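Enquirer: Can you read through this structure? Questions will come right after.
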Amino acid sequence: MVSAETHMSERQQLELHQQQLEQQKQQQLLLQQQQQQQQQQQQQQLQLQQQQQQQQQQTPQVQDPQAQTLVLQAQQQAQQAQRLAQLAQQQAQQAQRVPQQQAAATRRKFNLDDFRIHRTLGTGSFGRVHLVQSRFNSRFYAMKVLKKTEVVRLKQVEHTNNEKMILERVEHPFLINMWGTFQDIRNLYMVMDYVVGGELFSVLRKSQRFPEHVARFYTCEVLLALEYLHSHAVIYRDLKPENLLLDSMGHIKITDFGFAKHVPQNMTWTLCGTPDYLAPEIIQSKGYGKAVDWWSMGVLMFEMCAGFPPFFDEDHIKLYGKIMAGKVRYPPHFQPALKDLLKRLLTADLTKRYGNLRGGATDIKNHAWFEGVNWDQVYSRQIEAPYKPTIMGEGDASNFDDYPEDAEQYGVYPIGEQDELGSFFPGF
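If you're matching positions, the sequence shown starts at 1 in full-length UniProt numbering and goes up one per residue.
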(Lines of atoms letter the chains of each structure in order from A; the text may use other names.)
(Lines give C-alpha, C1' and ligand atoms only; values in the text may rest on other atoms or scores of the structure.)
Protein backbone atom coordinates (compact mmCIF):
# COMPACT_ATOMS: atom_id res chain seq x y z
CA MET A 1 0.00 0.00 0.00
CA VAL A 2 1.29 3.44 -0.84
CA SER A 3 2.14 5.38 2.32
CA ALA A 4 0.76 8.83 3.07
CA GLU A 5 4.26 10.29 2.63
CA THR A 6 4.69 8.70 -0.80
CA HIS A 7 1.18 9.74 -1.78
CA MET A 8 1.88 13.39 -0.93
CA SER A 9 5.35 13.29 -2.48
CA GLU A 10 3.95 12.15 -5.81
CA ARG A 11 1.25 14.78 -5.69
CA GLN A 12 3.81 17.51 -4.92
CA GLN A 13 6.09 16.30 -7.70
CA LEU A 14 3.29 16.35 -10.22
CA GLU A 15 2.23 19.85 -9.24
CA LEU A 16 5.71 21.36 -8.89
CA HIS A 17 5.84 22.88 -12.32
CA GLN A 18 2.43 24.53 -11.83
CA GLN A 19 3.61 25.93 -8.51
CA GLN A 20 6.67 27.45 -10.11
CA LEU A 21 4.48 29.24 -12.63
CA GLU A 22 2.53 30.76 -9.74
CA GLN A 23 5.52 31.87 -7.65
CA GLN A 24 5.78 35.27 -9.25
CA LYS A 25 2.08 35.83 -8.74
CA GLN A 26 2.37 34.86 -5.08
CA GLN A 27 5.34 37.19 -4.58
CA GLN A 28 3.39 40.04 -6.09
CA LEU A 29 0.50 39.22 -3.80
CA LEU A 30 2.76 39.26 -0.74
CA LEU A 31 4.26 42.58 -1.88
CA GLN A 32 0.79 44.06 -2.19
CA GLN A 33 -0.07 42.80 1.28
CA GLN A 34 3.08 44.38 2.72
CA GLN A 35 2.21 47.67 1.07
CA GLN A 36 -1.30 47.44 2.49
CA GLN A 37 0.16 46.78 5.94
CA GLN A 38 2.40 49.83 5.65
CA GLN A 39 -0.57 51.95 4.64
CA GLN A 40 -2.56 50.59 7.57
CA GLN A 41 0.29 51.38 9.95
CA GLN A 42 0.53 54.94 8.61
CA GLN A 43 -3.22 55.38 9.02
CA GLN A 44 -3.02 53.98 12.55
CA GLN A 45 -0.19 56.36 13.43
CA LEU A 46 -2.20 59.28 12.06
CA GLN A 47 -5.23 58.19 14.07
CA LEU A 48 -3.05 57.83 17.16
CA GLN A 49 -1.70 61.36 16.75
CA GLN A 50 -5.23 62.71 16.36
CA GLN A 51 -6.31 60.85 19.49
CA GLN A 52 -3.35 62.28 21.41
CA GLN A 53 -4.27 65.79 20.33
CA GLN A 54 -7.88 65.24 21.36
CA GLN A 55 -6.77 63.84 24.72
CA GLN A 56 -4.52 66.82 25.27
CA GLN A 57 -7.39 69.18 24.51
CA GLN A 58 -9.80 67.28 26.75
CA THR A 59 -7.38 66.70 29.63
CA PRO A 60 -7.85 69.35 32.30
CA GLN A 61 -4.78 71.41 33.13
CA VAL A 62 -3.35 70.30 36.43
CA GLN A 63 -1.09 72.69 38.22
CA ASP A 64 0.49 70.07 40.51
CA PRO A 65 3.71 68.81 38.74
CA GLN A 66 3.38 65.37 40.37
CA ALA A 67 -0.22 65.07 39.20
CA GLN A 68 0.78 66.15 35.71
CA THR A 69 3.43 63.39 35.66
CA LEU A 70 0.86 60.76 36.71
CA VAL A 71 -1.57 61.89 33.99
CA LEU A 72 1.20 61.76 31.38
CA GLN A 73 2.25 58.25 32.46
CA ALA A 74 -1.35 57.05 32.28
CA GLN A 75 -1.67 58.45 28.75
CA GLN A 76 1.57 56.75 27.68
CA GLN A 77 0.44 53.41 29.13
CA ALA A 78 -2.89 53.67 27.32
CA GLN A 79 -1.11 54.45 24.05
CA GLN A 80 1.28 51.53 24.53
CA ALA A 81 -1.62 49.15 25.23
CA GLN A 82 -3.37 50.40 22.10
CA ARG A 83 -0.25 49.81 19.99
CA LEU A 84 0.14 46.28 21.40
CA ALA A 85 -3.50 45.49 20.64
CA GLN A 86 -3.09 46.76 17.07
CA LEU A 87 0.07 44.67 16.65
CA ALA A 88 -1.68 41.54 17.95
CA GLN A 89 -4.54 42.13 15.54
CA GLN A 90 -2.11 42.47 12.61
CA GLN A 91 -0.34 39.25 13.61
CA ALA A 92 -3.66 37.40 13.86
CA GLN A 93 -4.69 38.63 10.41
CA GLN A 94 -1.34 37.57 8.96
CA ALA A 95 -1.64 34.13 10.61
CA GLN A 96 -5.02 33.69 8.93
CA ARG A 97 -3.61 34.69 5.54
CA VAL A 98 -0.65 32.26 5.65
CA PRO A 99 -2.71 29.01 5.58
CA GLN A 100 -4.87 30.49 2.84
CA GLN A 101 -1.78 31.34 0.79
CA GLN A 102 -0.31 27.87 1.39
CA ALA A 103 -3.57 26.17 0.39
CA ALA A 104 -3.76 28.29 -2.75
CA ALA A 105 -0.16 27.36 -3.58
CA THR A 106 -0.92 23.61 -3.42
CA ARG A 107 -4.19 23.68 -5.39
CA ARG A 108 -3.11 23.96 -8.99
CA LYS A 109 -5.02 23.32 -12.17
CA PHE A 110 -3.63 20.86 -14.67
CA ASN A 111 -4.01 21.38 -18.38
CA LEU A 112 -4.09 19.13 -21.41
CA ASP A 113 -0.45 19.83 -22.29
CA ASP A 114 0.63 18.14 -19.04
CA PHE A 115 -0.27 14.69 -20.42
CA ARG A 116 0.28 12.38 -23.38
CA ILE A 117 -3.01 10.68 -24.23
CA HIS A 118 -2.81 6.96 -24.97
CA ARG A 119 -5.57 4.40 -25.54
CA THR A 120 -9.18 4.36 -24.36
CA LEU A 121 -9.88 2.33 -21.21
CA GLY A 122 -13.66 2.69 -21.16
CA THR A 123 -16.59 4.59 -22.62
CA GLY A 124 -19.87 5.96 -21.30
CA SER A 125 -22.94 7.90 -22.35
CA PHE A 126 -21.22 11.27 -22.32
CA GLY A 127 -17.49 10.62 -22.28
CA ARG A 128 -14.64 8.15 -22.05
CA VAL A 129 -11.65 7.27 -19.89
CA HIS A 130 -8.14 7.42 -21.36
CA LEU A 131 -4.81 6.04 -20.24
CA VAL A 132 -2.52 9.09 -20.07
CA GLN A 133 1.09 9.70 -19.10
CA SER A 134 2.43 12.74 -17.30
CA ARG A 135 4.99 14.74 -19.27
CA PHE A 136 6.45 15.82 -15.94
CA ASN A 137 7.05 12.57 -14.01
CA SER A 138 6.23 9.94 -16.71
CA ARG A 139 3.70 8.31 -14.39
CA PHE A 140 0.51 6.83 -15.87
CA TYR A 141 -2.95 8.07 -14.91
CA ALA A 142 -6.55 7.51 -15.95
CA MET A 143 -8.15 10.66 -17.35
CA LYS A 144 -11.93 10.84 -17.51
CA VAL A 145 -13.11 13.15 -20.30
CA LEU A 146 -16.74 14.31 -20.27
CA LYS A 147 -18.38 16.28 -23.08
CA LYS A 148 -20.10 19.31 -21.56
CA THR A 149 -22.88 19.37 -24.14
CA GLU A 150 -23.79 15.74 -23.39
CA VAL A 151 -23.57 16.20 -19.61
CA VAL A 152 -26.01 19.11 -19.85
CA ARG A 153 -28.28 17.40 -22.41
CA LEU A 154 -28.57 14.26 -20.29
CA LYS A 155 -29.16 16.36 -17.14
CA GLN A 156 -26.07 15.03 -15.39
CA VAL A 157 -24.66 18.39 -14.25
CA GLU A 158 -25.43 17.81 -10.57
CA HIS A 159 -24.09 14.25 -10.66
CA THR A 160 -20.87 15.41 -12.33
CA ASN A 161 -20.28 18.20 -9.83
CA ASN A 162 -21.07 15.79 -6.98
CA GLU A 163 -18.52 13.31 -8.30
CA LYS A 164 -15.75 15.91 -8.32
CA MET A 165 -16.64 17.27 -4.89
CA ILE A 166 -16.75 13.83 -3.27
CA LEU A 167 -13.53 12.55 -4.87
CA GLU A 168 -11.73 15.66 -3.62
CA ARG A 169 -12.77 14.89 -0.05
CA VAL A 170 -12.40 11.13 0.32
CA GLU A 171 -9.25 9.07 0.79
CA HIS A 172 -9.32 5.34 1.52
CA PRO A 173 -7.28 2.26 0.52
CA PHE A 174 -10.18 0.84 -1.48
CA LEU A 175 -11.38 4.02 -3.21
CA ILE A 176 -10.00 5.54 -6.41
CA ASN A 177 -7.85 8.63 -5.84
CA MET A 178 -8.35 11.78 -7.89
CA TRP A 179 -5.35 14.06 -8.48
CA GLY A 180 -7.04 17.04 -10.08
CA THR A 181 -9.51 18.43 -12.60
CA PHE A 182 -9.63 21.03 -15.35
CA GLN A 183 -11.82 22.03 -18.26
CA ASP A 184 -11.63 23.64 -21.68
CA ILE A 185 -14.24 24.96 -24.09
CA ARG A 186 -15.86 21.58 -24.78
CA ASN A 187 -14.76 19.05 -22.16
CA LEU A 188 -14.31 18.34 -18.46
CA TYR A 189 -11.20 16.41 -17.39
CA MET A 190 -10.67 14.37 -14.21
CA VAL A 191 -7.19 12.94 -13.54
CA MET A 192 -7.23 9.80 -11.38
CA ASP A 193 -5.05 6.85 -10.43
CA TYR A 194 -4.52 4.33 -13.19
CA VAL A 195 -5.55 0.97 -11.69
CA VAL A 196 -3.72 -1.45 -13.93
CA GLY A 197 -5.53 -4.73 -13.18
CA GLY A 198 -8.78 -3.94 -14.96
CA GLU A 199 -12.35 -4.59 -13.84
CA LEU A 200 -13.42 -7.29 -11.40
CA PHE A 201 -16.26 -7.89 -13.85
CA SER A 202 -13.76 -9.22 -16.43
CA VAL A 203 -12.32 -11.69 -13.91
CA LEU A 204 -15.81 -12.82 -12.86
CA ARG A 205 -16.85 -13.24 -16.49
CA LYS A 206 -13.87 -15.50 -17.17
CA SER A 207 -14.36 -17.47 -13.94
CA GLN A 208 -18.17 -17.60 -14.33
CA ARG A 209 -18.45 -17.55 -10.54
CA PHE A 210 -16.19 -17.26 -7.48
CA PRO A 211 -15.73 -19.71 -4.61
CA GLU A 212 -17.11 -18.24 -1.39
CA HIS A 213 -13.68 -17.47 0.05
CA VAL A 214 -12.84 -15.40 -3.05
CA ALA A 215 -16.16 -13.54 -2.90
CA ARG A 216 -15.57 -12.97 0.81
CA PHE A 217 -12.19 -11.34 0.13
CA TYR A 218 -13.66 -8.77 -2.26
CA THR A 219 -16.74 -8.24 -0.08
CA CYS A 220 -14.56 -7.39 2.93
CA GLU A 221 -12.80 -4.61 1.02
CA VAL A 222 -16.07 -3.29 -0.41
CA LEU A 223 -17.63 -3.31 3.06
CA LEU A 224 -14.85 -1.19 4.55
CA ALA A 225 -15.07 1.28 1.67
CA LEU A 226 -18.84 1.66 2.04
CA GLU A 227 -18.52 2.01 5.81
CA TYR A 228 -16.01 4.83 5.27
CA LEU A 229 -18.22 6.63 2.72
CA HIS A 230 -21.26 6.38 4.99
CA SER A 231 -19.26 7.80 7.89
CA HIS A 232 -18.75 10.86 5.67
CA ALA A 233 -22.47 11.04 4.78
CA VAL A 234 -21.86 9.79 1.22
CA ILE A 235 -24.11 7.27 -0.55
CA TYR A 236 -22.34 5.49 -3.42
CA ARG A 237 -25.41 4.18 -5.32
CA ASP A 238 -23.64 2.35 -8.16
CA LEU A 239 -22.01 -0.76 -6.71
CA LYS A 240 -21.42 -3.47 -9.36
CA PRO A 241 -18.47 -5.58 -10.61
CA GLU A 242 -17.79 -3.14 -13.47
CA ASN A 243 -16.99 -0.40 -10.95
CA LEU A 244 -14.50 -2.47 -8.95
CA LEU A 245 -10.97 -2.18 -10.34
CA LEU A 246 -8.05 -4.41 -9.33
CA ASP A 247 -4.65 -2.93 -8.58
CA SER A 248 -1.34 -4.63 -9.30
CA MET A 249 -1.62 -6.71 -6.11
CA GLY A 250 -5.24 -7.75 -6.70
CA HIS A 251 -6.90 -5.40 -4.20
CA ILE A 252 -9.97 -3.43 -5.22
CA LYS A 253 -10.46 0.24 -5.95
CA ILE A 254 -14.04 1.47 -6.21
CA THR A 255 -14.31 3.86 -9.15
CA ASP A 256 -16.97 5.91 -10.99
CA PHE A 257 -18.57 8.21 -8.43
CA GLY A 258 -21.00 9.64 -10.97
CA PHE A 259 -24.01 8.59 -8.88
CA ALA A 260 -22.45 9.21 -5.46
CA LYS A 261 -24.05 11.90 -3.35
CA HIS A 262 -23.32 13.70 -0.11
CA VAL A 263 -26.49 13.34 1.97
CA PRO A 264 -26.06 14.88 5.45
CA GLN A 265 -29.71 14.16 6.32
CA ASN A 266 -29.47 10.55 4.99
CA MET A 267 -32.37 11.01 2.59
CA THR A 268 -32.58 11.53 -1.17
CA TRP A 269 -35.10 10.78 -3.91
CA THR A 270 -33.20 10.55 -7.23
CA LEU A 271 -33.86 7.44 -9.31
CA CYS A 272 -30.40 6.34 -10.42
CA GLY A 273 -28.16 3.30 -10.44
CA THR A 274 -27.87 0.02 -12.35
CA PRO A 275 -31.28 -1.72 -12.69
CA ASP A 276 -30.14 -5.16 -11.44
CA TYR A 277 -28.73 -3.55 -8.29
CA LEU A 278 -31.52 -1.11 -7.38
CA ALA A 279 -32.99 -1.40 -3.89
CA PRO A 280 -36.80 -1.55 -3.57
CA GLU A 281 -37.00 1.88 -1.91
CA ILE A 282 -35.30 3.49 -4.93
CA ILE A 283 -37.84 1.94 -7.29
CA GLN A 284 -40.72 3.10 -5.07
CA SER A 285 -39.42 6.71 -5.15
CA LYS A 286 -40.25 7.09 -1.46
CA GLY A 287 -36.93 8.57 -0.50
CA TYR A 288 -34.00 6.48 0.61
CA GLY A 289 -30.68 6.56 2.46
CA LYS A 290 -27.41 4.69 2.93
CA ALA A 291 -29.19 1.35 3.30
CA VAL A 292 -29.42 1.10 -0.51
CA ASP A 293 -25.67 0.45 -0.63
CA TRP A 294 -26.02 -2.56 1.68
CA TRP A 295 -28.75 -3.97 -0.56
CA SER A 296 -26.41 -3.53 -3.55
CA MET A 297 -23.61 -5.27 -1.66
CA GLY A 298 -25.96 -8.22 -1.15
CA VAL A 299 -26.64 -8.31 -4.90
CA LEU A 300 -22.88 -8.16 -5.56
CA MET A 301 -22.20 -11.05 -3.15
CA PHE A 302 -24.92 -13.14 -4.78
CA GLU A 303 -23.63 -12.45 -8.30
CA MET A 304 -20.02 -13.25 -7.37
CA CYS A 305 -21.01 -16.58 -5.82
CA ALA A 306 -23.69 -17.57 -8.35
CA GLY A 307 -22.41 -16.04 -11.58
CA PHE A 308 -25.68 -14.17 -12.12
CA PRO A 309 -27.67 -11.57 -10.13
CA PRO A 310 -30.57 -12.53 -7.84
CA PHE A 311 -33.04 -10.46 -9.87
CA PHE A 312 -32.89 -10.36 -13.66
CA ASP A 313 -35.13 -9.64 -16.63
CA GLU A 314 -34.52 -7.96 -19.98
CA ASP A 315 -37.70 -5.95 -19.41
CA HIS A 316 -36.94 -3.36 -16.72
CA ILE A 317 -40.56 -3.15 -15.61
CA LYS A 318 -40.64 -6.89 -14.99
CA LEU A 319 -37.22 -6.67 -13.33
CA TYR A 320 -38.46 -4.02 -10.91
CA GLY A 321 -41.47 -6.21 -10.16
CA LYS A 322 -39.17 -9.08 -9.20
CA ILE A 323 -37.11 -6.79 -6.97
CA MET A 324 -40.27 -5.55 -5.23
CA ALA A 325 -41.51 -9.12 -4.76
CA GLY A 326 -38.17 -9.98 -3.18
CA LYS A 327 -38.27 -13.70 -3.98
CA VAL A 328 -34.73 -15.04 -4.28
CA ARG A 329 -33.82 -18.55 -5.41
CA TYR A 330 -30.53 -19.55 -3.84
CA PRO A 331 -28.30 -22.02 -5.72
CA PRO A 332 -27.80 -25.32 -3.85
CA HIS A 333 -24.05 -24.74 -3.45
CA PHE A 334 -24.60 -21.64 -1.27
CA GLN A 335 -23.53 -22.36 2.30
CA PRO A 336 -26.02 -21.66 5.15
CA ALA A 337 -24.04 -18.69 6.51
CA LEU A 338 -23.95 -17.03 3.08
CA LYS A 339 -27.69 -17.55 2.56
CA ASP A 340 -28.45 -16.17 6.02
CA LEU A 341 -26.42 -13.00 5.44
CA LEU A 342 -27.95 -12.45 1.99
CA LYS A 343 -31.45 -12.75 3.45
CA ARG A 344 -30.54 -10.06 5.98
CA LEU A 345 -29.20 -7.76 3.24
CA LEU A 346 -31.76 -8.45 0.50
CA THR A 347 -34.81 -7.53 2.55
CA ALA A 348 -37.15 -4.69 1.66
CA ASP A 349 -37.89 -4.15 5.36
CA LEU A 350 -35.47 -1.38 6.36
CA THR A 351 -36.04 -2.15 10.04
CA LYS A 352 -34.45 -5.56 9.46
CA ARG A 353 -31.84 -4.89 6.78
CA TYR A 354 -28.30 -5.39 8.07
CA GLY A 355 -26.21 -2.25 7.87
CA ASN A 356 -29.29 -0.12 8.57
CA LEU A 357 -29.75 -1.26 12.16
CA ARG A 358 -28.34 0.37 15.27
CA GLY A 359 -25.08 -1.56 14.94
CA GLY A 360 -24.49 -0.29 11.40
CA ALA A 361 -21.75 -2.03 9.43
CA THR A 362 -20.58 -3.78 12.60
CA ASP A 363 -23.62 -6.06 12.43
CA ILE A 364 -22.43 -7.26 9.02
CA LYS A 365 -18.82 -7.67 10.15
CA ASN A 366 -19.93 -9.79 13.10
CA HIS A 367 -21.98 -12.17 10.95
CA ALA A 368 -20.90 -15.81 10.84
CA TRP A 369 -19.98 -15.57 7.14
CA PHE A 370 -17.06 -13.31 8.13
CA GLU A 371 -15.91 -15.54 10.99
CA GLY A 372 -12.14 -15.40 11.37
CA VAL A 373 -11.71 -12.19 9.35
CA ASN A 374 -9.14 -9.78 10.80
CA TRP A 375 -10.55 -6.41 9.76
CA ASP A 376 -7.37 -4.52 10.60
CA GLN A 377 -5.45 -6.75 8.22
CA VAL A 378 -8.12 -6.23 5.57
CA TYR A 379 -7.80 -2.45 5.88
CA SER A 380 -4.00 -2.53 5.73
CA ARG A 381 -4.13 -4.86 2.69
CA GLN A 382 -2.08 -7.51 4.48
CA ILE A 383 -4.32 -10.34 3.28
CA GLU A 384 -3.07 -11.81 0.01
CA ALA A 385 -5.51 -11.40 -2.86
CA PRO A 386 -6.91 -14.60 -4.41
CA TYR A 387 -6.20 -13.30 -7.90
CA LYS A 388 -3.21 -11.21 -8.96
CA PRO A 389 -3.47 -9.60 -12.42
CA THR A 390 -0.85 -10.33 -15.06
CA ILE A 391 0.94 -7.06 -15.75
CA MET A 392 3.64 -6.47 -18.36
CA GLY A 393 4.59 -3.00 -17.16
CA GLU A 394 3.40 0.18 -15.47
CA GLY A 395 1.44 1.40 -18.49
CA ASP A 396 0.15 -2.03 -19.53
CA ALA A 397 -3.53 -1.85 -20.53
CA SER A 398 -4.00 -5.47 -21.59
CA ASN A 399 -6.42 -6.11 -18.71
CA PHE A 400 -8.94 -3.68 -20.20
CA ASP A 401 -11.24 -4.32 -23.15
CA ASP A 402 -10.49 -2.70 -26.50
CA TYR A 403 -12.59 0.28 -27.56
CA PRO A 404 -12.71 2.26 -30.81
CA GLU A 405 -10.84 5.51 -30.42
CA ASP A 406 -12.59 8.87 -30.65
CA ALA A 407 -11.65 10.91 -33.71
CA GLU A 408 -11.94 14.16 -31.76
CA GLN A 409 -8.65 15.83 -30.90
CA TYR A 410 -8.98 17.35 -27.46
CA GLY A 411 -8.03 20.98 -27.03
CA VAL A 412 -8.13 21.86 -30.75
CA TYR A 413 -11.11 24.10 -31.45
CA PRO A 414 -12.05 26.73 -34.06
CA ILE A 415 -10.82 30.25 -33.36
CA GLY A 416 -13.52 32.29 -31.70
CA GLU A 417 -15.46 29.35 -30.24
CA GLN A 418 -16.91 30.37 -26.89
CA ASP A 419 -17.31 28.34 -23.71
CA GLU A 420 -21.05 28.64 -23.16
CA LEU A 421 -21.36 25.85 -20.58
CA GLY A 422 -18.40 26.48 -18.27
CA SER A 423 -20.61 28.22 -15.71
CA PHE A 424 -22.40 24.90 -15.08
CA PHE A 425 -19.15 23.45 -13.69
CA PRO A 426 -17.61 26.19 -11.51
CA GLY A 427 -15.34 23.85 -9.56
CA PHE A 428 -13.48 22.35 -12.53
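Beta carbons are placed, not taken as given, at the ideal position from N, Cα and C, and that holds for glycine.
Just so it is clear, the structure is predicted and the values come from calculations on it, not from any experiment.
1. Please work out which residues of its chain come closer than 8 angstroms, Cβ to Cβ, to histidine 316, disregarding the five sequence neighbours upstream and downstream, and give them in chain order.
2. Mapping DSSP to helix, strand and coil, what is methionine 178?
3. Pop quiz: lysine 109 and phenylalanine 182 are said to be a contact at Cβ under 8 angstroms. What is the actual Cβ separation, rounded to whole angstroms?
4. As an exercise, report each continuous alpha helix (DSSP H) stretch of at least 4 residues that is fully enclosed by the UniProt domain "AGC-kinase C-terminal" (371-428), in chain order.
5. Locate the alpha helix (DSSP H) running through tyrosine 320, then write down its first and last residues.
6. Looking at alanine 142 and the ligand SAH, is the gap between the Cβ and the nearest heavy atom below 6 angstroms?
7. Nearest CA to the CA of leucine 175: which residue from Ile185, Glu163 and Arg186?
8. So for isoleucine 254, helix, strand or coil by DSSP?
9. How many Å lie between tyrosine 218 and glutamate 408 at the Cα?
10. Please state whether DSSP places methionine 193 in a helix, a strand or coil.
11. Less than 7 angstroms separating the beta-carbons of cysteine 272 and phenylalanine 259?
12. Taking Cβ to Cβ, would you say leucine 121 is nearer than 7 angstroms to leucine 131?
13. Tell me whether arginine 116 sits in a helix, a strand or coil according to DSSP, three-state version.
14. How about glutamate 242 and glutamate 199: do their beta carbons lie closer than 7 angstroms?
15. With a floor of 3 residues, list each beta strand (DSSP E) that falls wholly inside the stretch 207-286, ordered by position along the chain.
16. Report the rounded CA-to-CA distance for methionine 249 versus lysine 286, giving the unit in angstroms.
17. Quick check on the DSSP output: the beta strand (DSSP E) that includes serine 296 runs from which residue to which?
18. Can you tell me whether residue 499 is buried or exposed? The criterion is at least 16 other CB atoms within 10 Å of its CB, across all chains shown.
19. Can we say the stretch 136-156 touches the stretch 224-244, given the rule of at least three CB pairs closer than 8 angstroms?
20. Report all residues from its chain with a CB closer than 7 angstroms to the CB of glycine 359; omit the five preceding and five following residues, and keep chain order.
21. Tell me whether alanine 142 sits in a helix, a strand or coil according to DSSP, three-state version.
22. Are there 16 or more other CB atoms within 10 angstroms of the CB of phenylalanine 308, so buried, or fewer, so exposed?
23. Identify whether histidine 367 lies in helix, strand or coil by the three-state DSSP scheme.
24. Reducing DSSP to helix, strand and coil, say where residue 434 ends up.
25. If the criterion is Cβ atoms closer than 7 angstroms, does the pair leucine 188 and phenylalanine 428 meet it?
26. Quick one: Cα of isoleucine 283 to Cα of cysteine 305, how far?
27. Please state whether the Cβ-Cβ distance between leucine 239 and serine 202 is less than 7 angstroms.
28. I'd like the span of the alpha helix (DSSP H) that includes histidine 159, first residue to last.
29. Check this for me: beta carbons of proline 386 and glycine 197, under 7 angstroms apart or not?
30. Select from Ser380, Gln133 and Val292 the residue whose C-alpha is nearest the C-alpha of aspartate 114.
31. Cutting at 6 angstroms between CB atoms, please list the residues of its own chain near proline 331, excluding the five before and the five after it.
32. What residues in its chain sit with their C-beta under 6 angstroms from that of tryptophan 369, if we drop five residues either side in the sequence?
33. Can you tell me whether DSSP reads arginine 128 as helix, strand or coil?
34. Given a cut-off of 7 angstroms on the beta-carbon distance, is the pair arginine 381 and histidine 172 in contact?
35. For the alpha helix (DSSP H) that contains glutamate 150, what are its first and last residues?
36. Would you be able to state if there are at least three C-beta pairs under 8 angstroms between the stretch 342-350 and the stretch 206-215?
Expert: Let me lay it out:
1. Pro275
2. strand
3. 5 angstroms
4. 375-379
5. 316-325
6. For the ligand SAH, the structure offers nothing, since it holds no ligand at all.
7. Glu163
8. strand
9. 37 angstroms
10. In the sequence as presented, methionine is not what sits at residue 193; that position holds aspartate. Three-state DSSP puts aspartate 193 in a strand.
11. yes
12. yes
13. strand
14. yes
15. 244-246 and 252-254
16. 41 angstroms
17. No beta strand (DSSP E) holds serine 296; the alpha helix (DSSP H) holding it covers 291-306.
18. Residue 499 is absent from the structure shown; the chain starts at 1 and stops at 428.
19. no
20. none
21. strand
22. exposed
23. coil
24. This structure does not reach residue 434, given that the chain is present from 1 up to 428, and the question cannot be answered.
25. yes
26. 25 angstroms
27. no
28. 157-169
29. no
30. Gln133
31. Ala306
32. Ala337, Leu338 and Leu341
33. strand
34. no
35. 148-153
36. no
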